[in-house]
Amino acid sequence: SSGINAEYGGYLTVLANTIDNFLHGLAIAMAFKVSRNTGWLTTAGILLHELPHEITDYAVLAQSGFTPHEAMLAQLWTCGAGMLGTIVGGLVENSFCCNAVVLPLTAGIFLYVSLTSLIPSLLHRPLTQTLLQLIIMTLGIALTYCAASH
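Numbering-wise (the working numbering), the sequence shown opens with residue 63 and increments by one.
Dropping the structure here:
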């Protein structure tokens with residue numbers, strides 16, 4: 063029974079990652095429509111988020127019973143969804159969709175993930191690790207602000 067649940071977990075991971083990557087692609091395309099600077103900042107932020115995320119997803123798929131080849135193909139599939147999101151975002155001409163829907167929605171998702179997953183996990187670490195993580199997050203916010211304002 064646990065093998066079946068693990069397998070479903072792998073497929074759910076692929077589904078969630080496909081949707082996530084599609085939205086990331088959409089956000090990147092829309093961000094470039096706002097400005098080149100916003101586009102590059104969004105791309106860098108998503109890249110920094112996705113590198114560890116994809117490695118973790120690969121490990122989850124391997125633990126779910128996917129062979130290494132199947133896990134890699136599944137990860138490539140989800141990356142394709144990101145490319146599709148970028149294409150769709152590039153084809154959308156409506157700036158309202160870009161400025162009032164996609165970018166705020168993406169920012170909200172990032173905030174939701176950080177506030178519900180990352181920050182609570184810091185409470186279970188030693189104080190020095192928590193402070194270091196908070197300093198690094200603050201530096202990331204400050205760098206993003208500085209880059210966006212120039």
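Backbone N, C-alpha and C fix where the C-beta goes; we use that ideal spot for every residue, glycine too.
Since we're looking at a predicted model, the values are computed, not measured.
Inter-residue spacing [alpha-carbon to alpha-carbon] between residue 138 and residue 89:
Within the sequence shown, residue 138 is the residue found at index 76, counting from 1. Within the sequence shown, residue 89 is the residue found at index 27, counting from 1. Distance from the CA atom of residue 138 to the CA atom of residue 89, rounded to whole angstroms, is 19 Å.
Taking the alpha carbon of residue 134 as the reference point, which residue from 207, 85, 72, 199 has its own alpha carbon closest?
On the sequence shown, residue 134 is found 72 positions in, with the first residue counted as 1. Nearest of 207, 85, 72, 199 to residue 134, Cα basis: 72.
With H, G and I counted as helix, E and B as strand and the rest as coil, what does DSSP make of residue 86?
Here residue 86 corresponds to residue number 24 of the sequence shown, with the count starting at 1. Helix at residue 86.
Residue 92 burial status per 10 Å Cβ neighbour count (16 or more: buried)
Counting from one through the sequence shown, the residue named residue 92 turns up at place 30. Of the other Cβ atoms in all chains shown, 16 or more fall within 10 Å of the Cβ of residue 92; this residue is therefore buried.
Please determine, among 147, 195, 101, the residue with the shortest C-alpha to C-alpha distance to residue 182.
What you label residue 182 is simply residue 120 of the sequence shown in a count that begins at 1. Of 147, 195, 101, the residue nearest in Cα terms is 195.
Under 8 Å, do residue 235 and residue 136 count as touching if we go by C-beta distance?
Residue 235 is absent from the structure shown; the chain starts at 63 and stops at 212.
From which residue to which residue does the alpha helix (DSSP H) around residue 59 run?
A question about residue 59 goes unanswered here, because the residues of the chain that appear run from 63 up to 212.
Can you check whether the CB of residue 85 is closer than 8 Å to the CB of residue 168?
Within the sequence shown, the letter at position 106 stands for residue 168. Within the sequence shown, the letter at position 23 stands for residue 85. Yes, these two residues count as a Cβ contact at 8 Å.
Residue 97 burial status per 10 Å Cβ neighbour count (16 or more: buried)
Here residue 97 corresponds to residue number 35 of the sequence shown, with the count starting at 1. Classification of residue 97: exposed, given that the 10 Å Cβ count is below 16.
Please report how far the alpha carbon of residue 151 lies from the alpha carbon of residue 115, in whole angstroms.
What you label residue 151 is simply residue 89 of the sequence shown in a count that begins at 1. What you label residue 115 is simply residue 53 of the sequence shown in a count that begins at 1. Rounded to whole angstroms, the gap between the alpha carbons of residue 151 and residue 115 is 22 Å.
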